[in-house]
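One structure is given below, encoded as structure tokens.
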Amino acid sequence: MAFKHPLILFFLLLVGGCAQVGTISGGAKDETPPRIKKSTLQNGSVNFKDKNIELTFDEFVQLNKPTENIFLVPQDAKVEAKLSKKTLILSFSNELQTNTTYTLYLNAAVKDVSEGNDSLMQFTFSTGSKIDSLVLHAFVSDAFSNQIQNKVVVGLFDSLKAEKPKYFCQSDNSGLAKLTSLKAGNYYCKAFTDKNNDLIIQKDEAQDILFNPISVDTNSKDTLKFRISTPRFLDKIKNTQILAPGIIATHIPNSKTFEKVKINGIQSTDYFYPKKDSLVLAIGQITENTIQVELDNDTLLLNYAQKEKIKPLKAKYVELENGASSLIKLRFTDFVSTVSANGISILNMKDSTNVPFEVLAPFFVEVHIQLLDNRSKDLRISLKDSCIQFKSKRFNTKEQLAVNLKDIKELGSLDVKLSSSINNGILQLLQKGKVIDEKSIKDGVSSVPFKNLLPGEYSFRLIIDSNLDGSWTPINPETQSVAEEALYFSTPVKVRANWEVETTLKLNK
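Per this note's numbering, the sequence shown runs over residues 113 to 621.
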């Protein structure tokens with residue numbers, strides 16, 4: 113399989129010896145790629161002055177996207193390729209820089225005619241009297257999750273405003289990147305996902321930038337750390353979908369609110385923000401097959417199929433992620449308008465007695481029921497036909513739901529002691545990667561309680577909320593602000609029923 117972009121194999125960079133040839137792929141028959149029989153350029157050559165390079169192979173070959181797969185680092189010139197029988201003739205679009213070390217790459221650019229076998233070849237040479245041999249190592253991870261990131265371009269730039277890197281490579285499956293054959297000097301370092309393969313950082317690409325220059329010399333032994341993130345101010349409205357029959361849900365830029373919310377040209381007030389990065393709005397009584405949603409200057413078009421319009425409205429019991437509560441939440445895929453309490457009954461399954469309750473005011477897409485006797489834990493909730501009306505003028509269908517509430521004795525609690533080094537931030541309680549609860553930390557707080565937790569193992573994430581906006585903030589290139597740190601405490605804490613556990617956090621970066 114030939115790779116579509118020359119960066120894909122950059123983490124395989126090797127220096128020294130003769131031209132490197134490694135098999136990428138091959139069929140079941142002939143798996144041997146074309147081999148160089150004669151070359152006017154030797155790996156490690158110095159004082160290179162030639163205008164052309166000729167590579168003669170041991171068999172007839174064909175070119176595979178030479179403009180993409182044959183390239184020079186640094187990219188001071190484009191490489192033009194011409195094939196004559198078994199000989200590949202390479203020429204440079206303009207003069208190479210003096211006293212500069214280059215590496216020429218042929219990444220699956222040459223294939224044999226019969227089986228299509230290809231290979232990665234590279235030559236390192238210098239236009240001066242010596243080969244630059246400095247090396248720089250980097251490690252790339254996600255700024256929020258701390259997960260290793262591969263196929264991320266790591267580049268050295270002549271200036272902070274320079275668009276394209278002078279030297280670059282790509283992180284491997286271990287998140288490691290190795291830039292080789294570097295010339296001593298001061299550089300700016302950037303890492304980015306390069307989704308469109310143009311070697312230019314786009315505003316919507318995950319990235320990290322070292323805003324101060326670094327010196328590359330013989331003392332450069334430390335591994336540079338890059339924590340990539342996508343700038344928030346460029347986060348877009350995305351993942352918009354109809355949750356049939358009556359609501360639309362969409363991802364929005366974090367903490368964004370809209371002044372204009374219209375559905376099919378009509379201003380809507382039936383919407384809310386369940387999270388800082390999401391919006392839910394009611395479809396209402398629309399019968400058209402297309403729904404146009406306007407959110408300020410953005411317009412979204414959605415297909416509203418007939419099967420979605422007639423989908424029955426059934427309740428979903430919302431289990432509390434933590435806490436013993438006498439509040440029952442029923443969620444629907446439409447905005448609740450009115451509720452008839454006479455159409456609802458709750459049965460104690462242990463003694464078949466009716467449980468008293470009251471229905472609270474509707475909460476957007478939820479019906480909240482407050483139990484007046486919380487001694488009952490095993491319940492059956494019955495909803496009669498049409499006891500709940502929605503903004504679309506539809507009604508619920510008849511159904512029964514089994515509910516099991518937790519007793520306070522079935523739950524545990526955590527008292528988290530904080531070291532003096534933790535001054536502010538957001539402490540999140542995690543279970544299997546999911547946020548169960550979070551607490552804001554301010555100066556002077558020495559402990560944080562988490563009450564009424566289901567038994568099990570929990571871990572923690574601490575967001576260093578440097579700008580005090582109550583959420584994690586990614587990189588902002590315009591203000592030269594790096595992504596806020598998200599620190600993980602990997603050692604789990606076990607919570608037991610009817611126990612209070614104390615733990616002290618130790619930072620593991």
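For each residue, glycine too, the CB sits at the ideal point set by N, CA and C.
(message) Please report the distance separating the alpha-carbon of LEU413 from that of GLN404.
(response) Here residue 413 refers to the residue found at position 301 when the sequence shown is read from its first residue. Here residue 404 refers to the residue found at position 292 when the sequence shown is read from its first residue. Taking the Cα positions, LEU413 is about 5 Å away from GLN404.
(request) Give the straight-line distance between the Cα atoms of ASN508 and ALA514, rounded to the nearest whole angstrom. (result) The residue labelled residue 508 in the question sits at position 396 within the sequence shown. The residue labelled residue 514 in the question sits at position 402 within the sequence shown. In this structure, the alpha-carbon of ASN508 lies about 17 Å from that of ALA514.
(request) Using three-state DSSP, classify GLN592 as helix, strand or coil. (result) For the purposes of this step, residue 592 is taken as residue 480 along the sequence shown, with counting starting at 1. Reduced to three states, the DSSP call for GLN592 is coil.
(message) Here's a check: name, in chain order, each residue in its chain whose Cβ is nearer than 6 Å to the Cβ of ASP306, leaving out the five neighbours to either side.
(response) Translated into the one-based positions of the sequence shown, residue 306 becomes position 194. VAL265.
(request) Under 8 Å by Cβ, that's how I've got ILE148 and PHE169 pegged, so tell me the actual separation to the nearest angstrom. (result) For the purposes of this step, residue 148 is taken as the residue at position 36 of the sequence shown. For the purposes of this step, residue 169 is taken as the residue at position 57 of the sequence shown. With a Cβ gap of about 6 Å, ILE148 and PHE169 count as contacting.
(request) Could you check what DSSP says for ALA609 in three-state terms: helix, strand or coil? (result) Against the sequence shown, residue 609 aligns to sequence position 497. It is coil, neither helix nor strand.
(request) Tell me, please, whether the segment 489–496 touches the segment 450–463 by the rule of three or more beta-carbon pairs shorter than 8 Å. (result) Taking 8 Å as the limit for Cβ pairs, the verdict is that the segment 450–463 does touch the segment 489–496.
(request) Please list, in chain order, all residues of the same chain as SER205 whose beta carbon is under 8 Å from its beta carbon, the five residues on each side excluded. (result) Here residue 205 is taken as the residue at index 93 of the sequence shown, counted from 1. In the same chain as SER205, and ignoring 5 residues on each side of it, the C-beta atoms closer than 8 Å to its own belong to ALA189, LYS190, VAL191, GLU192, in chain order.
(request) Using alpha carbons as the reference points, say which of LYS441, ILE500, SER525 lies closest to PRO567. (result) To locate residue 567, count along the sequence shown from 1; it is residue 455. Of LYS441, ILE500, SER525, the residue nearest in Cα terms is SER525.
(request) Give the range of the beta strand (DSSP E) segment to which GLU420 is assigned. (result) Locating residue 420 in the sequence shown gives position 308, where the first residue counts as 1. No beta strand (DSSP E) holds GLU420; the alpha helix (DSSP H) holding it covers 418–421.
(request) Can you say whether GLY396 is buried or exposed, counting buried as having 16 or more other CB atoms within 10 angstroms of its CB? (result) By one-based count along the sequence shown, residue 396 stands at place 284. Buried, by the Cβ-count rule.
(message) Quick check: the Cα distance between VAL613 and LEU294, rounded to an integer number of angstroms?
(response) Indexing the sequence shown from 1 puts residue 613 at position 501. Indexing the sequence shown from 1 puts residue 294 at position 182. C-alpha separation (whole angstroms): 54 Å.
(message) Our contact map puts ASN258 next to TYR570 with C-beta atoms below 8 Å; I'd like the distance itself, whole angstroms only.
(response) On the sequence shown, position 146 is the one that residue 258 refers to. On the sequence shown, position 458 is the one that residue 570 refers to. A Cβ-Cβ distance of about 18 Å is found for the pair ASN258 and TYR570, leaving them out of contact under the 8 Å criterion.
(request) Would you identify the three-state DSSP class for LYS150, choosing helix, strand or coil? (result) As a working note, residue 150 is residue 38 in the sequence shown. Look at LYS150 here: in three-state DSSP terms it is strand.
(message) Suppose you measure from the CA of VAL222 to the CA of PHE235; what does that come to, to the nearest Å?
(response) For this step, residue 222 is matched to residue 110 along the sequence shown. For this step, residue 235 is matched to residue 123 along the sequence shown. VAL222 and PHE235 have their alpha carbons spaced roughly 15 Å apart.
(request) Note down the Cα distance separating ASN610 from VAL467, rounded to an integer number of angstroms. (result) Working through the sequence shown from its first residue, we reach residue 610 at position 498. Working through the sequence shown from its first residue, we reach residue 467 at position 355. For ASN610 and VAL467, the distance between alpha carbons rounds to 26 Å.
(message) Check this for me: beta carbons of CYS301 and LEU336, under 7 Å apart or not?
(response) By 1-based counting over the sequence shown, the position of residue 301 is 189. By 1-based counting over the sequence shown, the position of residue 336 is 224. Yes, these two residues count as a Cβ contact at 7 Å.
(message) Looking at VAL158: is its Cβ nearer than 7 Å to the Cβ of SER241?
(response) Sequence index remark: in the sequence shown, residue 158 carries index 46 (1-based). Sequence index remark: in the sequence shown, residue 241 carries index 129 (1-based). Yes; because the gap between Cβ atoms is below 7 Å, this pair is in contact.
(request) Would you kindly report the start and end of the unbroken alpha helix (DSSP H) that includes LEU179? (result) Translated into positions along the sequence shown, residue 179 becomes position 67. Looking at the sequence shown, residue 179 is not Leu but Thr. According to the DSSP assignment, THR179 belongs to the alpha helix (DSSP H) that extends over 178–181.
(request) Report the three-state DSSP secondary structure of LEU617 (helix, strand or coil). (result) Within the sequence shown, residue 617 is the residue found at index 505, counting from 1. Residue state, collapsed to three classes: coil.
(request) Report, in whole angstroms, the separation of the C-beta atoms of GLU485 and ASN536, which I expect to be a contact under 8 Å. (result) For the purposes of this step, residue 485 is taken as residue 373 along the sequence shown, with counting starting at 1. For the purposes of this step, residue 536 is taken as residue 424 along the sequence shown, with counting starting at 1. The sequence shown places Asp at residue 485, not Glu. So it is not a contact: roughly 43 Å between Cβ atoms.
(request) Compare the beta carbon distance of ALA220 and ASN176 with 7 Å and say whether it is the shorter of the two. (result) Numbered from 1 along the sequence shown, position 108 holds the residue referred to as residue 220. Numbered from 1 along the sequence shown, position 64 holds the residue referred to as residue 176. Against a cut-off of 7 Å, the Cβ pair of ASN176 and ALA220 comes out as a contact.
(request) Mind reading off the beta-carbon distance from SER559 to LEU530? Whole number of angstroms is fine, and I expect it under 8 Å. (result) Translated into positions along the sequence shown, residue 559 becomes position 447. Translated into positions along the sequence shown, residue 530 becomes position 418. About 6 Å; that satisfies the 8 Å criterion.
(message) If I measure Cβ to Cβ from ILE456 and keep anything under 8 Å in the same chain, skipping five residues before and after, which residues do I get?
(response) Taking the sequence shown and counting its residues from 1, the one referred to as residue 456 is at position 344. So the list reads PHE469, VAL471, ILE481, ILE493, SER494, LEU495, LYS496, CYS499, once near-sequence residues are dropped.
(request) Please state if the CB of VAL247 and the CB of ALA303 are separated by a distance shorter than 7 Å. (result) If you number the sequence shown from 1, residue 303 lands on position 191. If you number the sequence shown from 1, residue 247 lands on position 135. Cβ atoms of ALA303 and VAL247: not closer than 7 Å.
(request) For VAL605, count neighbouring C-beta atoms within 10 Å of its own C-beta (all shown protein chains included) and say buried if the count is 16 or more, exposed if not. (result) For this step, residue 605 is matched to residue 493 along the sequence shown. With 16 or more other CB atoms across the displayed protein chains lying within 10 angstroms of its CB, VAL605 is buried.
(message) To test your reading of the DSSP string, which unbroken alpha helix (DSSP H) runs of 4 or more residues are found completely within the segment 458–543?
(response) Within the segment 458–543, no complete alpha helix (DSSP H) run reaches 4 residues.
(request) Alpha carbon to alpha carbon, how far is ALA289 from THR239? Give it in angstroms, no decimals. (result) Residue mapping note: residue 239 aligns to position 127 of the sequence shown, counting from 1. Residue mapping note: residue 289 aligns to position 177 of the sequence shown, counting from 1. If I take the Cα positions, the gap works out to 26 Å.
(message) Are the CB atoms of GLY287 and ILE96 within a distance shorter than 7 Å?
(response) Here the chain has residues from 113 to 621 only, and residue 96 is not among them.
(request) Starting from GLN259, follow its DSSP beta bridges and name the residues at the other end. (result) By 1-based counting over the sequence shown, the position of residue 259 is 147. In the DSSP output, where bridge partners are listed per residue, GLN259 has none listed.
(request) Determine the closest residue to ILE534 out of THR616, ASP581, LYS315, TYR279, with distance taken between C-alpha atoms. (result) As a first step, residue 534 must be located in the sequence shown, where it is residue number 422. Just measuring C-alpha positions, the residue of THR616, ASP581, LYS315, TYR279 sitting nearest ILE534 is THR616.
(request) Flag this pair as yes or no: are the beta carbons of VAL528 and VAL479 separated by less than 7 Å? (result) Position 416 of the sequence shown holds residue 528. Position 367 of the sequence shown holds residue 479. No; because the gap between Cβ atoms is not below 7 Å, this pair is not in contact.
(message) Which of the three DSSP states is assigned to THR556 in this structure?
(response) As a first step, residue 556 is located in the sequence shown; it is residue number 444 there, counting from the start. The residue you asked about is not Thr; residue 556 is Gly in the sequence shown. Residue state, collapsed to three classes: coil.
(request) Return the chain-ordered list of same chain residues with a C-beta closer than 7 Å to the C-beta of VAL225, the five sequence neighbours on each side being excluded. (result) Here residue 225 corresponds to residue number 113 of the sequence shown, with the count starting at 1. Close CB contacts of VAL225 within its chain, under the 7 Å cut and outside five residues either way in sequence, are with PHE172, VAL173, GLN174 (chain order).
(request) Note down, in chain order, each residue of its chain lying with its Cβ closer than 6 Å to the Cβ of SER151, except the 5 sequence neighbours on either side. (result) Counting from 1 along the sequence shown, the entry for residue 151 is found at position 39. Contacts found: LEU167.
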